[in-house]
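*Asks:* Residue numbering for the sequence shown is 1159 to 1621, as defined by our numbering.
The C-beta atom is built at its ideal place from N, Cα and C for all residues, glycine as well.
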Amino acid sequence: MIFRTLLCVLALSFTAQKSLAELPDFTEIVDSASPAVVKILVEYESENSRYQEQMEDLPESLRRFFDFRGRPPVPRDRAGMGSGFILTSDGYIVTNNHVVENARQVIVRLPDRQEFDAEVIGTDPRSDLAVLKIDAKRLPTLELASEDDIKVGQWVLAIGSPFSLDFSVTAGIVSALGRSLPTETGDNYVPFIQTDVAINPGNSGGPLFNLDGEVIGVNSQIFTRSGGSIGLSFAIPVSVVRNVVSQIQENGVVERGWLGVSIQDVDRNLAESFGLDRPRGALIAQVGRDSPAERAGLQSGDVIVAFDDEPIETSADLPHIVGLIAPGSRVEALLVRDGDEQSVTVEVGALASDQVARVDAGVSVDGSLQLLGMRVAEAEADTLADLGLSGGVVIEAVEPDSPAAEAGVRDGDILTRLGSRPISRVSDVTAAADDLAPGSSVPARLIRGRSPLFIGIRIPDGD
């Protein structure tokens, strides 16, 4: 019995030692990479500074009306900080756009405490990247990974200056890939790497490494309820970094691929109504006038399931892929239209760095019917014109617990398509009703507010 217990203890000890031996050792990466990680010190212009400048521009006769009683306040610039890394030995540095945006002065501090004034070569708010330049030679550099060969569960390492604690090292694993985090303007061009690496204010712009010591991402943001790390951090993948940084270095601005469509996800009802085997793809809710999509013949109601040989699982995948394609490239879009797959050649357009990705609509026209629990009426011509629509009917009321209500139809929505039929007037709804099969699901295109969307309405059995 004692011998058996001793064997069990030895076995557990051996297993523990083996597990510890398999854990990664980050010391070599830290030793080789740390010299090329920098701290970014930023001064932003204060409101008082701008006030002082405006005062100096006023004539003396007017300035006295705005003078403070006693001494005027001393303008103080706001300070900020972040991280970055050296990309080339002659002083090109990568960081986040939000670290240096609207900066009055940017200073780069090296690990050996040397400091350099930095010039902002270019920024790209859509990807949250910026390129700086300092006047220095023979600097240590970091290498960008050659491919996005990243897997969920792999070990990763971050170096940065959280809370001004210079050049701190944290480690964790990749939690997810292709995370979609739209910006305030609705841009969605970055398939973020999600990790559980401890990232905090000050880490922004710092590198994320794989176990080969290569940069696989640039730490950009965290999700937090407290202001500190809760294990949800997001990094810009190296494919986006390489594309954006090379364009900034060569041209000073960034152009990305542009299709000119408004898209949405495909849920179970929509997948059934469009003849898909499962929910997947990017459903085109609207095609912009004179856009690359319109010129290629793409239509509202098409579901793009692959683009440039890359599968589209969710609508967020499409802008991630299109944004990295060089403008002017001709690529194949695989789509489902009226239940059939077909391939369409698209010449990708260019979306400049300062251009807003927006879809334009059509023109105008005029407009009680009860169907699927929704009461529709002719839409006012002025309403349609204001929305840029060539037709449509207004949904005046939706009955509770009806098929329309369960699908998410709301009072005030404008119905522009039901099934495969475009809807311009109430009479079109009557004609569309003849095509509705009991037990099936039918796609309905709505305008809600000023945004188009598709929903799937399930037709009750026996209706």
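Taking DSSP as the reference, what is the three-state secondary structure of L1542?
*Replies:* Three-state DSSP puts L1542 in a helix.
*Asks:* Residues in its own chain within less than 7 Å of T1246 by CB, not counting five upstream and five downstream?
*Replies:* The answer, listed in chain order, is T1299.
*Asks:* E1273 lies in the beta strand (DSSP E); which residues open and close that run?
*Replies:* Where E1273 is concerned, the enclosing beta strand (DSSP E) stretches over E1273 to D1275.
*Asks:* Suppose contacts are defined by Cβ-Cβ distances below 8 Å. Is V1556 in contact with G1577 by that definition?
*Replies:* Going by C-beta atoms, V1556 is not nearer than 8 Å to G1577.
*Asks:* Kindly indicate which three-state DSSP category A1316 falls into: helix, strand or coil?
*Replies:* A1316: strand per DSSP, three-state reduction.
*Asks:* Below 6 Å CB to CB, which residues in the same chain sit around D1423 once its five sequence neighbours on both sides are set aside?
*Replies:* Excluding sequence neighbours, D1423 sits near T1472 and S1473.
*Asks:* How about V1257 and S1338: are their beta carbons less than 8 Å apart?
*Replies:* Contact flag unset, no.
*Asks:* To the nearest angstrom, how far is it from the Cα of N1368 to the Cα of I1331?
*Replies:* About 10 Å.
*Asks:* Are the region 1407-1422 and the region 1379-1398 touching, with three or more C-beta to C-beta distances below 8 Å?
*Replies:* In short, these stretches do not touch, since the Cβ pair count stays below three.
*Asks:* Rounded to the nearest angstrom, what separates V1523 and D1593 at their Cα positions?
*Replies:* In this predicted model, V1523 has a pLDDT of only 30, less than 50, meaning its place in the structure is not dependable; the value taken from the coordinates is given anyway. Those two C-alpha atoms are separated by around 25 Å.
*Asks:* Give a yes or no on whether 8 Å exceeds the smallest Cβ distance from Q1405 to chain B.
*Replies:* In the displayed structure, chain B is absent; only one protein chain is listed.
*Asks:* Keeping to the same chain, check which residues put their C-beta closer than 7 Å to that of G1249; ignore five residues upstream and five downstream.
*Replies:* Around G1249: K1291, I1292, D1293, A1294 and L1297.
*Asks:* Apply the 10 Å Cβ neighbour rule to V1252 and answer buried if 16 or more other Cβ atoms are within range, or exposed otherwise.
*Replies:* So V1252 ends up on the buried side.
*Asks:* Is the separation between the beta-carbon of V1196 and that of G1242 shorter than 8 Å?
*Replies:* It is a contact, given that the beta carbons lie within the stated cut-off.
*Asks:* Which residue or residues does DSSP assign as beta-bridge partners of R1488?
*Replies:* Paired residue(s): E1505.
*Asks:* At what residues does the alpha helix (DSSP H) containing R1383 begin and finish?
*Replies:* First-last for R1383: undefined, no H or E at that position.
*Asks:* State buried or exposed for N1255, treating a residue as buried only when at least 16 other CB atoms are found within 10 Å of its CB.
*Replies:* Buried: at least 16 other Cβ atoms inside 10 Å.
*Asks:* When burial is assigned at 16 or more other CB atoms within 10 Å of the CB, is F1612 buried or exposed?
*Replies:* Buried, because 16 or more other Cβ atoms sit within 10 Å of the Cβ of F1612.
*Asks:* Which whole-angstrom value is the C-beta distance of A1443 and L1366, which I expect to be below 8 Å?
*Replies:* Wrong, their Cβ atoms sit about 35 Å apart, outside the cutoff.
*Asks:* Leaving out five residues before and five after F1226 in sequence, what residues of the same chain have Cβ atoms less than 7 Å from its Cβ?
*Replies:* In this prediction, F1226 scores a pLDDT of 44, lower than 50, which makes its location untrustworthy; the coordinate-derived value is nonetheless stated afterwards. Result list for F1226: empty, nothing under 7 Å.
*Asks:* So P1359 is in the beta strand (DSSP E); what residue range does that whole segment cover?
*Replies:* No beta strand (DSSP E) holds P1359; DSSP gives it neither H nor E.
*Asks:* Which residues bound the alpha helix (DSSP H) around R1262?
*Replies:* Element bounds for R1262: not the alpha helix (DSSP H) but the beta strand (DSSP E), A1261 to R1267.
*Asks:* Helix, strand or coil: which one does DSSP assign to L1245?
*Replies:* Looking at L1245 - three-state DSSP - the assignment turns out to be coil, as it is neither helix nor strand.
*Asks:* Please state whether DSSP places V1257 in a helix, a strand or coil.
*Replies:* If DSSP states are grouped into helix, strand and coil, V1257 belongs with the helices.
*Asks:* Are there 16 or more other CB atoms within 10 angstroms of the CB of A1303, so buried, or fewer, so exposed?
*Replies:* Its Cβ being crowded by 16 or more others within 10 Å, A1303 is buried.
*Asks:* The alpha helix (DSSP H) that contains G1410, what's its start and end?
*Replies:* Run containing G1410: none; DSSP gives neither H nor E here.
*Asks:* How big is the Cα-Cα spacing for G1507 and V1188?
*Replies:* Approximately 42 Å, taken between the alpha carbons.
*Asks:* Look at the alpha carbon of Q1407 and the alpha carbon of R1608, and state the distance between them as a whole number of angstroms.
*Replies:* Q1407 and R1608: Cα-Cα distance of roughly 38 Å.
*Asks:* Out of G1486, P1561 and Q1379, state which residue places its alpha-carbon closest to the alpha-carbon of L1287.
*Replies:* For L1287, the nearest C-alpha among the options comes from Q1379.
*Asks:* What do you reckon, are the CB atoms on I1617 and S1598 nearer than 8 Å?
*Replies:* For I1617 and S1598, yes; Cβs fall inside 8 Å.
*Asks:* Quick check on this structure: which residue in D1354, I1357 and V1398 has the alpha carbon closest to the alpha carbon of Y1347?
*Replies:* The residue with the shortest Cα to Cα distance from Y1347 is V1398.
*Asks:* Counting only the same chain and skipping the five closest in sequence on each side, list residues whose C-beta sits under 7 Å from that of A1626.
*Replies:* There is simply no residue 1626 to check, as the chain begins at 1159 and stops at 1621 in what is shown.
*Asks:* Could you tell me the distance, in whole angstroms, from the CA atom of A1356 to the CA atom of D1571?
*Replies:* Those two C-alpha atoms are separated by around 44 Å.
*Asks:* On the DSSP letters alone, give me the boundaries of the beta strand (DSSP E) that S1420 sits inside.
*Replies:* That run of the beta strand (DSSP E) goes V1419 to Q1422.
*Asks:* Pull up the distance between the alpha-carbon of R1229 and that of E1203, whole angstroms please.
*Replies:* Bear in mind that the predicted position of R1229 carries a pLDDT of just 47, short of 50, making it unreliable; the figure below should be weighed with that in mind. Each residue's alpha carbon lies about 21 Å from the other.
*Asks:* Ignore the nearest five residues each way along the sequence and tell me which others in V1402's own chain have a CB closer than 7 Å to its CB.
*Replies:* Closer than 7 Å at the Cβ level, and outside the excluded window around V1402, lie D1282, S1285, L1287 and V1412.
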